[in-house]
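Heads up, the sequence shown is in this note's numbering, so the first residue is 421 and it goes up one at a time.
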Amino acid sequence: MLKSLARFTGVVIVGQMITYFIVGILAQQVLGAADFYPPSPTALSYLRNPSDPDVFRWVLPAQAVRGLLFGLVLFPFRQRIVELGTLNGALVVAGSVFVVGYVAASGGLIEHWVFFTEYPSRFAAITFVEVLIQAVVLGYIVARFAVRRPATVQGKGSPR
């Protein structure tokens with residue numbers, strides 16, 4: 421069990437780190453998130469400059485911890501994720517990460533709307549799309565690579 425936990429959480433950690441950076445770059449360059457971060461003149465006052473040394477130093481470990489936490493929470497459901505198949509398993513993982521990790525999380529989307537005095541709708545929409553894309557890609561990675569599936573004999577469809 422320890423070996424399967426290590427494999428599963430390892431895939432989730434690596435998947436989280438990769439998708440976070442790729443989708444984050446996409447959000448900055450294509451979706452317009454850069455308009456809300458320093459040094460932009462339209463930056464939100466509570467956001468740090470992504471080039472800040474502290475951000476640079478902590479972003480990778482923070483995503484590793486986030487991936488570890490997602491992996492530990494999803495681990496008990498790994499067999500069900502496999503049983504659902506890659507597409508449906510990916511959607512379950514993506515939905516779980518997106519809803520629990522972003523929309524409903526303390527400090528997530530709902531909290532932003534309630535408590536932030538400054539929360540532009542465009543920034544909310546960009547972040548929503550960014551996190552949704554990241555969750556879907558992470559869901560696919562987890563459903564596809566985190567659990568070993570039984571090998572099948574070519575043409576027979578039965579496990580070896």
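All C-beta atoms, glycine included, are put in the ideal place defined by N, C-alpha and C.
Within a Cβ cutoff of 8 Å, which residues of the same chain sit near residue i, ignoring the five residues on either side of it in sequence?
i           : result
residue 540 : 456, 464
residue 538 : 464, 465, 466
Around the Cβ of residue i, are there at least 16 other Cβ atoms within 10 angstroms (buried) or fewer (exposed)?
i           : result
residue 531 : exposed
residue 580 : Bear in mind that the predicted position of residue 580 carries a pLDDT of just 45, short of 50, making it too unreliable to give a figure here.
residue 494 : buried
residue 535 : exposed
residue 476 : exposed
residue 442 : exposed
residue 566 : buried
residue 501 : buried
residue 429 : buried
residue 498 : buried
Can you check which of these residues, the options, is closest to residue i by C-alpha distance?
i           : options            : result
residue 479 : 436, 551, 496      : 436
residue 484 : 502, 508, 533, 440 : 440
residue 508 : 481, 523, 562      : 562
Using a Cβ-Cβ cutoff of less than 6 Å, which residues in the same chain neighbour residue i once the five nearest sequence positions on both sides are dropped?
i           : result
residue 559 : 510, 513, 514
residue 458 : 469
residue 523 : 529
Considering only residues of the same chain and omitting the five flanking positions on each side of residue i, which have a CB-CB separation below 7 Å?
i           : result
residue 433 : 484, 487, 488, 491
residue 363 : Nothing can be reported for residue 363, as the shown portion of the chain is limited to 421 through 580.
residue 447 : 453, 546, 550
residue 425 : 495
residue 504 : 512
Kindly confirm or deny that the region 516–531 and the region 554–567 touch, where touching means at least three C-beta pairs closer than 8 Å. yes
At 3 residues or longer, and completely inside the region 510–562: list those beta strand (DSSP E) runs for me, N to C. none
Is there contact here, the region 544–552 with the region 442–460, by at least three beta-carbon pairs under 8 Å? yes
Sequence ranges, beta strand (DSSP E) only - wholly within the region 453–481, length at least 3: none
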